[in-house]
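Taken in order, these protein sequences are the chains called A and B.
Start counting the first sequence at 1; every next residue gets the next number (full-length UniProt numbering).
Start counting the second sequence at 1; every next residue gets the next number (full-length UniProt numbering).
We put the beta carbon where it would ideally sit given N, CA and C, even for glycine.
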Amino acid sequence: MKNKLMHLSNETMNVGFVKKVEALSGSSVRRCFQCGKCSAGCPMSAFMEHPPNRVVRLLQLGQGQRILAGRSIWYCASCETCTTRCPNKVDLAAIMDALRKLSWDADGPSKESYVQLANRLFIENIRTYGRQYELRLGAAFNMKSGQFLKDLMLGPKLISKGKLKMFHSKNKNIADIEGIFKRIEEMRKKGEAL
Amino acid sequence: MSRIGVFVCHCGENISRTVDVEQVAKAAGEIPGVAYSCDYKYMCSDPGQTLLKKAVAEHKLDGVLVAACSPRMHEKTFRKAAEAAGLNPYLCEMANIREHCSWVHEDRGMATAKAKDIVKLMVERVRKGKSLAPITVPVTKRALVIGGGIAGIQAALDIADAGHKVVLVERDPSIGGHMAQLSETFPTLDCSQCIMTPKMVDVANHPNITLFTYSEIEKVEGYIGNFQVTVKHKARSVDEKKCTGCGVCMTKCPKKKIPNEFDQGHGMRPAIYVPFPQAVPNTPVIDRENCTMFQSGKCGVCAKVCGPGAVDYEQKDTFTVEDVGAIVVATGFKLYTIDRKPEGSPIQGYGEFGYGTIPDIIDGMTFERLASASGPTGGKILRPSDGKEPKQVVFIQCVGSRAREKGISYCSKVCCMYTAKHTMLYHHKVHDGQAYVFFMDARTPGKGYDEFWRRAVEEEEAVYIRGMVSRMYQRGDKIVVMGSDIQVGTQVEIEADLVVLATAVQPQDGADLLAQKLGISYDKYNFYSEAHAKLKPVECATAGIYLAGACQGPKDIPDTVSQASAAAAKVMTLFAKDQLERDPVVAKVNEKYCVGCFACKKVCAYGAIEEKEIRDRQGNLVKKVAYVNPGVCGGCGTCQATCPSKSIELDGYTDEQIMAMIEAL
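Structure, rendered in structure tokens:
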């Protein structure tokens with residue numbers, strides 16, 4: 001997919017998608033002049049099939065689908081090194097956020113990457129328990145990703161050292177936390193949040 | 001016995017780091033005939049020069065040698081100092097122990113030994129040196145400007161405004177050059193015609209400017225301050241004095257379908273024509289190759305309709321000789337074409353782009369004409385093949401330029417900016433169209449230039465694709481452009497309606513022939529060479545000839561205008577004096593021994609050698625000898641090396657001096 005011939009025309013360039021990314025991120029995509037400083041400092045660059053500069057480049061060419069088909073956006077650690085160092089004021093971290101949101105909206109959990117699944121389970125746990133319940137997170141991730149035995153042998157070790165709790169303990173302010181989630185959902189409806 | 005003073009310079013640490021300067025000074029002091037020697041930290045500084053002057057007076061020196069840097073650097077400095085001390089300046093020489101020694105060697109012992117040798121042989125040259133007096137030549141305060149584009153116009157106006165007479169010679173029927181063809185100019189997008197035509201009119205109306213259009217340089221003789229230039233006035237077939245410029249002849253001419261060069265062949269003109277409506281002068285010419293009257297002898301319509309009777313089919317080419325003191329060469333450029341080139345040509349065409357056979361692949365200048373309100377489409381962007389408005393336009397940069405394989409390795413400098421401008425013009429005129437630009441680098445060094453380019457990308461929605469186009473071919477009514485985006489790392493394919501090539505800037509046709517007439521040098525591309533890339537950027541190596549504009553190398557309008565004004569300033573500097581003083585390092589002929597073989601004449605790069613007749617008292621020819629015109633001689637010494645009878649010598653570099661130098665080693 002990555003090296004596939006690219007046909008460029010008004011039809012094949014999805015400008016609408018780019019406009020959405022720009023609106024969500026509040027950052028211009030066209031402003032990037034491809035100096036590569038974002039990729040140079042990105043700690044996750046080596047793991048991405050499209051390093052950060054190329055993500056922006058594909059957006060400039062209206063090739064959002066190529067980005068969403070890959071896992072680069074899910075490997076982004078949101079450390080914001082790119083945004084901090086960009087000489088041309090492109091907020092790449094915000095663009096990555098916007099892309100993740102659009103990816104989620106478009107096809108739900110990514111087939112290519114488990115990062116998104118892990119993120120979702122993480123957030124669900126928070127909503128349910130008000131804090132993280134690692135054992136459930138690990139178990140649910142293994143079940144849903146189909147890797148039933150993944151890191152299984154680490155479990156007893158972590159439990160014996162007290163790093164992994166067998167039983168969850170609910171946050172007593174769980175109602176307040178639910179309030180935060182509700183508010184975000186309302187803001188999303190109004191288009192005030194991603 | 002001579003009394004020579006040797007001054008050894010440390011040049012800070014530049015020389016003393018690798019050369020033991022004290023030892024060199026000491027060794028110099030032991031050479032017979034050296035009356036004084038010393039070393040000093042900076043000889044070129046004020047105290048250094050004072051040291052030299054004092055030594056000349058105190059030790060009654062009759063020759064001075066400064067062992068320091070290259071004479072190109074400080075010969076003038078020290079000769080002035082020597083002159084101030086009462087010595088003939090040409091008895092002061094320099095031994096180069098920096099560029100020729102300390103800078104290029106590491107071993108201190110060996111470098112010191114070499115420095116001593118250099119000093120030793122230069123002492124001999126000083127010893128055999130002669131007092132010379134500077135040469136004076138008169139100056140004709142009238143300038144010739146060759147080329148009537150923006151460069152020539154600017155130079156002519158500046159010189160004329162300074163109060164000097166100017167002759168402006170233009171090859172085409174009108175002045176204006178390429179700038180008159182442009183639609184809008186970067187980075188301000190002001191209309192080219194609007195800023196150009198007033199200047200053209202100024203030239204025509206200036207009392208100090210004589211304008212010769214449709215004329216060419218036939219022959220150039222003479223030297224700085226005293227050139228005789230033969231100008232060929234091509235037959236216009238229209239009497240410039242009688243013609244009122246009413247234009248009836250053009251409307252009545254039955255042959256109207258001749259491609260107009262001014263519109264890059266995309267508009268039509270009659271056989272009797274002015275290139276464009278704002279032409280200066282507004283006098284038509286008859287294109288004899290396309291005129292029915294000249295081809296078959298039947299027609300004569302223009303002569304019949306011409307009220308003042310200005311049309312003259314019998315007109316012949318005429319010649320005038322212009323006496324001028326300085327020449328500004330401003331012959332401009334032409335654009336590279338992708339056509340197939342003749343066998344063996346150093347420049348190649350683009351087979352991968354179809355050798356120019358695809359009608360909707362055009363060059364930048366054609367796009368200018370399409371975008372120009374006065375152009376063949378009235379300012380509408382319509383493609384040449386079917387007159388449709390293109391919705392997908394691909395611009396390709398560096399076509400010909402930076403393409404060693406095609407024979408041109410330089411950057412044409414203006415294309416990045418004009419392509420950015422083209423995408424803007426296109427976006428302004430075709431709102432639903434998309435412009436793509438294939439480029440390698442965007443080179444935008446200039447005031448407001450990078451901002452302009454970024455504006456094209458960020459606001460005017462041009463899609464810039466870093467990567468080149470491999471091939472283009474016609475598919476239906478589209479042109480398939482196969483390129484790559486090296487930032488994404490994929491191949492890119494675009495079906496374009498129109499392709500605009502930013503083709504290379506090349507010197508004007510016949511630039512080399514003109515250079516040979518003028519006796520100026522040019523590079524392998526036929527761009528004229530300046531005397532020094534940084535410090536003499538407008539002067540030619542040939543004295544009295546100056547360069548302006550793209551004939552020297554690709555240039556945009558601001559750079560061209562700056563250089564033209566600089567060339568004008570150089571001419572004014574020359575004209576500020578009535579007499580010109582020149583370095584007397586020129587060749588002299590010993591007429592007694594000269595056999596008149598004129599081998600020297602053949603090798604002289606400056607054309608300084610003339611034939612002189614020697615007659616006895618009765619007027620009978622005794623022999624012919626060579627004569628060196630001191631005004632023209634460049635002092636290169638080639639004649640001296642060539643002369644089989646050793647009867648021509650360069651002052652300051654005589655055989656006697658050179659032999660003494662060799663013997664000293």
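Look at residue 475 of chain B: its C-beta is not under 8 Å from any C-beta on chain A.
Counted as a single uninterrupted DSSP element, the alpha helix (DSSP H) harbouring residue 429 of chain B occupies residues 415-429. Closer than 8 Å to the CB of residue 89 of chain A there is not a single CB belonging to chain B. Under the 8 Å Cβ criterion, the stretch 465-480 of chain B does not count as touching the stretch 443-455 of chain B, having fewer than three qualifying pairs. Three or more beta-carbon pairs separated by less than 8 Å link the stretch 324-342 of chain B to the stretch 505-520 of chain B, which places the two stretches in contact. The contact set of residue 65 of chain A on chain B, defined by CB atoms closer than 8 Å, is empty, because the minimum CB distance reaches about 13 Å. By the criterion of a C-beta distance shorter than 6 Å, residue 187 of chain B is surrounded in its chain by 448, 449 and 452, once the five residues flanking it on both sides are discounted.
Here the stretch 432-441 of chain B does not lie against the stretch 171-188 of chain B, with fewer than 3 beta-carbon pairs under 8 Å apart.
Along the length of the stretch 341-416 of chain B, whole alpha helix (DSSP H) runs at least 4 residues long occupy 364-371, reported in chain order. At least 8 Å separates the CB of residue 187 of chain A from every CB of chain B. For residue 489 of chain B, the chain A residues whose C-beta falls within less than 7 Å of its own C-beta are 3, listed in chain order. Chain-ordered listing is empty here: chain B has no CB closer than 8 Å to the CB of residue 71 of chain A, the nearest sitting near 17 Å. Secondary structure at residue 110 of chain B: helix, using DSSP grouped into helix, strand and coil. Take the alpha-carbon of residue 386 of chain B and the one of residue 498 of chain B: they are about 11 Å apart. Taking every protein chain shown into account, the CB of residue 390 of chain B has 16 or more other CB atoms within 10 angstroms, so this residue is buried. Non-local C-beta neighbours of residue 242 of chain B in its own chain, meaning closer than 6 Å and more than five positions away in sequence, comprise 308 and 310, ordered along the chain.
For residue 97 of chain B, there is no enclosing alpha helix (DSSP H), as DSSP marks it with neither H nor E. DSSP places residue 7 of chain A outside any alpha helix (DSSP H); the residue lies instead in the beta strand (DSSP E), whose first and last residues are 6-8. Contact check for residue 518 of chain B against residue 396 of chain B fails: the beta carbons are separated by 8 Å or more.
CA-CA distance, residue 219 of chain B to residue 211 of chain B, rounds to 18 Å. Here the stretch 202-210 of chain B does not lie against the stretch 248-264 of chain B, with fewer than 3 beta-carbon pairs under 8 Å apart. For the UniProt domain "4Fe-4S ferredoxin-type" (624-653) of chain B, the continuous beta strand (DSSP E) assignments of 3+ residues that do not extend past its boundaries occur at 648-650, in sequence order. Residue 214 of chain B has a beta carbon lying at 8 Å or more from every beta carbon in chain A. The Cβ atoms of residue 166 of chain A and residue 159 of chain A lie closer than 8 Å to each other.
In this model, residue 269 of chain B and residue 290 of chain B are separated by some 11 Å (Cα to Cα). Among the CB atoms of chain B, none fall inside 8 Å of the CB of residue 96 of chain A. With contacts defined by Cβ atoms closer than 8 Å, residue 263 of chain B and residue 414 of chain B do not form a contacting pair. Exclusion of the five residues before and after residue 398 of chain B leaves 440 as the residues of its chain whose Cβ lies within less than 6 Å of its Cβ. Burial check for residue 314 of chain B: the Cβ neighbour count within 10 Å stays below 16, so the residue is exposed. Three or more beta-carbon pairs separated by less than 8 Å are not found between the stretch 279-296 of chain B and the stretch 316-327 of chain B, which leaves the two stretches without contact. When secondary structure is reduced to three states using DSSP, residue 507 of chain B falls in the strand class. In terms of Cβ geometry, residue 148 of chain A and residue 118 of chain A do not form a close pair [threshold 8 Å]. Contact between the stretch 31-45 of chain A and the stretch 63-81 of chain A is established, with three or more Cβ pairs separated by less than 8 Å. Interface annotation, residue 9 of chain A: in contact with chain B, CB-CB separation under 8 Å. In this structure residue 423 of chain B is buried. Its beta-carbon is surrounded by 16 or more other beta-carbon atoms within 10 angstroms. For residue 383 of chain B and residue 140 of chain B, the gap between their C-alpha atoms comes out near 53 Å.
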